[in-house]
Amino acid sequence: MQNMEALPYFPGCTLKQRAAGFDRSARDVFSALGSPLAELPGWNCCGATFPLTVENLLDLTGPARILVSARAEGTRLAVACAACYNVLRRTNHLLRTDAEKREKVCLFIESEYDGDLEVVHILELLHREIGCGHVRQALRRPLEGLRVAAYYGCLLLRPAAEVGFDDPESPVLLDELLAAAGAAPVSYPHRGECCGGYLAVRSEEAALEASKRVLMAISAAGAEVVVTSCPLCQYNLDRRQAAIARQEAGFRPVPVLYFTQLLGLALGADGAGYRLDEHHVDPRPLLKERGLVEG
Amino acid sequence: MKVTLLPEGLRPALQQRVEEASGQNVLACYQCGKCSAGCPVAGVMDLLPNQVIRLVQLGLVEEALTSQTIWYCAACLTCAARCPKGVDLPRVMEALRELAMERSGDHLPPDRLPAEALAEWPQQAVIGGFRKYTW
Ligand code: SF4
Ligand code: SF4
Ligand code: SF4
Ligand code: SF4
């Protein structure tokens, strides 16, 4: 499917700051495939976590405002950050299914919202709409058997009834997309398990406990690179490797990229603005060796 | 430990508050332990997730409130996805965190976060942390 209309897109605050390389590469991927992303005007932060107590409506007002602005642009909103996706998708689900809460939240933000909006993750768009076939045809630098560990984390998958993204216990979307780009995704356990999320803010030890299990599995599977669609997964999995290497003699560090960085390079982007130098485990030697970046 | 079973209507007030805030029936839990078996941070918790809900079932909410586990829960929803009784344990954890902070204030006051870390963390971690650790 080519030359689709520009798609309303919510980058979120992390993609404007620490994860600017994710934002830039996501835009590259969609432009290369003929469906450019169009940033939603006047967006605000979604709050990063979906409130779990039933009367906490205040924390729904941020994401509800985003949904209202997106509805003014059309009936779909594309999201790249897995956390924003989770929060926006769950909020949308709640506002659609609970009329009483919708009314209260709408009164509070002084807006009307009919719920007729679909929040979609860019992985779903690439895989299910643009299609793996189109990705394959548009490749400029196929990934040629690159052993990639596709890491899903929690926020794309749970709660399955609300996000409905993929099979929560054995997701395949990201693996299939990478395979279409020529990579050889490795099979490993814990691909949908938590990396520790925001726990690092309070306890390094807890964050390490969660990330280590995932990273040990990835390393044991012989992956050359890990890809994710969440800035917090990227940070946790990347940042903790130095500590793990000190604890585990056999641990081999693996660079952690956003899946769009790898896909963008495969589709011919030059990597400008990908901020590869800011990653803790330097991905550049691998990318140069594979002819994906100049060097 | 002396356990007294109370008739309906005489449930401890704090237990009721946790149930209302979380929207969960804590008595539905039959203590199979599946939540704890798959919890990615169980290794650093002082009480296992199923032990926290057990305390709430017994009306020993005060004990649950002093547990470190409620702060270690990453709200990853793994346990909620797997519970055979459909208990959404992360909602119970959040209700307990709220109750604890209602009494003692912010668990992690923002001004105590180190400047170097703030410069390094993704915005999402900081905002998520504020949502979970401040009141
Ligand atoms: S999840 Fe994060 S990065 Fe995304 S907008 Fe919300 S707070 Fe910001
Ligand atoms: S894997 Fe980590 S950051 Fe990613 S979604 Fe889970 S807790 Fe969040
Ligand atoms: S998995 Fe569910 S039923 Fe089993 S102990 Fe945990 S909360 Fe209780
Ligand atoms: S939601 Fe909390 S208790 Fe449940 S598995 Fe995740 S970290 Fe453990």
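Chains as they are written, first to last, in the numbering used here: chain W, 1 to 295; chain A, 296 to 430.
By construction, the Cβ of each residue, glycine as well, lies at the ideal position given by its N, Cα and C atoms.
Top-ranked residue by Cα proximity to A/CYS374, from W/PRO253, W/PRO168, W/ASP98, W/ALA32:
The residue you call residue 374 of chain A lines up with position 79 of the second sequence. Of the candidates W/PRO253, W/PRO168, W/ASP98, W/ALA32, the one whose C-alpha sits nearest the C-alpha of A/CYS374 is W/PRO168.
Cβ closer than 7 Å: which chain W residues qualify as neighbours of A/PRO339?
Translated into positions along the second sequence, residue 339 of chain A becomes position 44. This sequence places Val at residue 339 of chain A; Pro is not what is there. At a beta-carbon threshold of 7 Å, the residues of chain W lying near A/VAL339 are GLU205, ALA206, GLU209, ordered along the chain.
Is the beta carbon of W/CYS370 less than 8 Å from the beta carbon of W/CYS46?
There is simply no residue 370 of chain W to check, as chain W begins at 1 and stops at 295 in what is shown.
Quick one: Cα of A/GLU314 to Cα of A/CYS378, how far?
As a first step, residue 314 of chain A is located in the second sequence; it is residue number 19 there, counting from the start. As a first step, residue 378 of chain A is located in the second sequence; it is residue number 83 there, counting from the start. Roughly 17 Å separates the two Cα atoms.
I'd like to know whether the C-beta of W/GLU100 is nearer than 8 Å to at least one C-beta of chain A.
Here residue 100 of chain W refers to the residue found at position 100 when the first sequence is read from its first residue. Judged by the 8 Å Cβ criterion, W/GLU100 is not in contact with chain A.
Would W/ARG76 and W/VAL135 be called neighbours here (beta carbons separated by less than 8 Å)?
Taking the first sequence and counting its residues from 1, one reaches residue 76 of chain W at position 76. Taking the first sequence and counting its residues from 1, one reaches residue 135 of chain W at position 135. Cβ atoms of W/ARG76 and W/VAL135: not closer than 8 Å.
In the DSSP assignment, the alpha helix (DSSP H) including A/TYR367 goes from what residue to what residue?
Mapped onto the second sequence, residue 367 of chain A falls at position 72. Element bounds for A/TYR367: 364-367.
Within 8 Å (strictly less), CB to CB, does A/GLN311 reach chain W?
Start at 1 with the first residue of the second sequence, and residue 311 of chain A comes out as number 16. It does not: the Cβ of A/GLN311 has no partner Cβ on chain W nearer than 8 Å.
Any C-beta of chain W within less than 9 Å: which residues of the region 409-421 of chain A qualify?
Cβ contacts with chain W: ALA412, GLU415, TRP416, PRO417, GLN418, GLN419, ALA420, VAL421.
Would you identify the three-state DSSP class for W/GLN2, choosing helix, strand or coil?
Looking up residue 2 of chain W in the first sequence gives position 2. Low confidence applies to W/GLN2: its pLDDT is 45, below 50, so where it sits in the model is not reliable enough to give any reading.
Starting from W/ARG213, trace the alpha helix (DSSP H) in both directions and tell me its first and last residue.
Here residue 213 of chain W refers to the residue found at position 213 of the first sequence. Here the alpha helix (DSSP H) through W/ARG213 covers 204-220.
Relative to the C-alpha of W/SER211, which candidate in W/VAL201, W/ALA223, W/CYS195, W/ALA221 has its C-alpha closest?
As a first step, residue 211 of chain W must be located in the first sequence, where it is residue number 211. For the options W/VAL201, W/ALA223, W/CYS195, W/ALA221, the alpha carbon positioned closest to that of W/SER211 is the one of W/CYS195.
At the level of alpha carbons, what is the spacing between W/PHE165 and W/VAL87?
Within the first sequence, residue 165 of chain W is the residue found at index 165, counting from 1. Within the first sequence, residue 87 of chain W is the residue found at index 87, counting from 1. Cα to Cα, the separation comes out at about 14 Å.
Sorry if obvious, but does the Cβ on A/VAL382 come closer than 7 Å to a heavy atom of ligand 4?
As a position in the second sequence, residue 382 of chain A is number 87, starting the count at 1. Checking every heavy atom of ligand 4 against the Cβ of A/VAL382, none is found closer than 7 Å.
Contact set between A/SER317 and chain W, taken where Cβ atoms lie within less than 9 Å:
Here residue 317 of chain A refers to the residue found at position 22 when the second sequence is read from its first residue. Within 9 Å Cβ-Cβ: LEU52, THR53, VAL54.
Rounded to whole angstroms, what's the CA-CA distance from W/ASN3 to W/SER35? Just pull it up for me.
Position 3 of the first sequence, counted from the first residue, corresponds to residue 3 of chain W. Position 35 of the first sequence, counted from the first residue, corresponds to residue 35 of chain W. Here W/ASN3 scores only 49 on pLDDT, less than 50, and its place in the model should not be relied on; the value that follows carries that caveat. For W/ASN3 and W/SER35, the distance between alpha carbons rounds to 6 Å.
Residue-level contact to chain W via CB, A/LYS427, 8 Å cutoff:
On the second sequence, residue 427 of chain A is found 132 positions in, with the first residue counted as 1. Chain W has a Cβ within less than 8 Å of the Cβ of A/LYS427.
Distance, Cα to Cα, W/GLY273 vs A/ASN320?
Taking the first residue of the first sequence as 1, we reach residue 273 of chain W at position 273. Taking the first residue of the second sequence as 1, we reach residue 320 of chain A at position 25. Rounded to whole angstroms, the gap between the alpha carbons of W/GLY273 and A/ASN320 is 50 Å.
Looking only at its chain, what residues have a beta carbon closer than 7 Å to the beta carbon of W/GLY291, apart from the 5 residues adjacent to it on each side?
As a first step, residue 291 of chain W must be located in the first sequence, where it is residue number 291. Excluding sequence neighbours, W/GLY291 sits near ARG141.
Identify whether W/PRO8 lies in helix, strand or coil by the three-state DSSP scheme.
Position 8 of the first sequence, counting from 1, holds the residue named residue 8 of chain W. Note: W/PRO8 maps to strand in three-state DSSP.
Count the other CB atoms within 10 Å of the CB of W/GLU129; is the residue buried (16 or more) or exposed (fewer)?
Counting from one through the first sequence, the residue named residue 129 of chain W turns up at place 129. Exposed: under 16 other Cβ atoms inside 10 Å.
Take the Cβ of A/VAL298 as the centre, count every other Cβ of all protein chains shown within 10 Å, and call the residue buried at 16 or more, exposed below.
The residue labelled residue 298 of chain A in the question sits at position 3 within the second sequence. Exposed, because fewer than 16 other Cβ atoms sit within 10 Å of the Cβ of A/VAL298.
Output, in sequence order along the chain, the residues in the region 228-262 of chain W whose CB is closer than 7 Å to any CB in chain A.
Those residues of the region 228-262 of chain W that come within reach of chain A (Cβ to Cβ, closer than 7 Å) are PRO231, LEU232, TYR235.
Excluding sequence positions up to five away, which residues of its chain have a Cβ less than 6 Å from the Cβ of W/HIS280?
As a working note, residue 280 of chain W is residue 280 in the first sequence. Excluding sequence neighbours, W/HIS280 sits near ASP238, ARG239.
So is the beta-carbon of A/CYS374 under 7 Å away from any non-hydrogen atom of ligand 6?
In the structure on display, ligand 6 does not appear, and the ligands it does have are ligand 1, ligand 2, ligand 3 and ligand 4.
Label W/ASP116 either buried or exposed according to how many other C-beta atoms from any shown protein chain fall within 10 Å of its C-beta, with 16 as the threshold for buried.
Sequence index remark: in the first sequence, residue 116 of chain W carries index 116 (1-based). Within 10 angstroms of the beta-carbon of W/ASP116 lie fewer than 16 other beta-carbons, which makes it exposed.
Determine, using beta carbons only, whether A/GLU397 comes closer than 8 Å to chain W.
Locating residue 397 of chain A in the second sequence gives position 102, where the first residue counts as 1. At a cut-off of 8 Å between C-beta atoms, A/GLU397 does not count as an interface residue with respect to chain W.
Using a beta-carbon distance below 8 Å, is W/PRO168 in contact with chain A?
Residue numbering aside, residue 168 of chain W sits at position 168 when the first sequence is read from its first letter. Yes - at least one Cβ of chain A is within 8 Å of the one on W/PRO168.
I need the DSSP call for W/LEU77, collapsed to helix, strand or coil.
If you number the first sequence from 1, residue 77 of chain W lands on position 77. Strand at W/LEU77.
What does A/ARG386 touch in chain W if you count any residue whose Cβ is under 9 Å from its own?
In the second sequence, residue 386 of chain A corresponds to position 91, counting from 1. Ordered by position in chain W, the residues that pass the 9 Å Cβ test against A/ARG386 are LEU52, THR53, VAL54.
Within the same chain, show all residues whose beta-carbon is closer than 8 Å to that of W/ASP98, passing over the 5 residues directly before and after it, in chain order.
The count along the first sequence starts at 1 and reaches residue 98 of chain W at position 98. Excluding sequence neighbours, W/ASP98 sits near nothing in its chain.
Per the contact definition of three or more C-beta pairs closer than 8 Å, is the region 60-76 of chain W in contact with the region 414-422 of chain A?
The count of Cβ pairs closer than 8 Å, one atom from the region 414-422 of chain A and one from the region 60-76 of chain W, stays below three, leaving the stretches out of contact.
Does the CB of W/ASP282 have a neighbour CB from chain A at under 8 Å?
For the purposes of this step, residue 282 of chain W is taken as residue 282 along the first sequence, with counting starting at 1. Under the Cβ criterion of 8 Å, W/ASP282 is not counted among the residues facing chain A.
Within the region 240-292 of chain W, ranges of the alpha helix (DSSP H) (whole runs, at least 4 residues)
For the region 240-292 of chain W, whole alpha helix (DSSP H) runs of length 4 or above, ordered along the chain, are 241-247, 259-266, 284-289.
Among all the DSSP beta bridges, which residues are the ones paired with A/PRO409?
Position 114 of the second sequence, counting from 1, holds the residue named residue 409 of chain A. DSSP lists no partner for A/PRO409.
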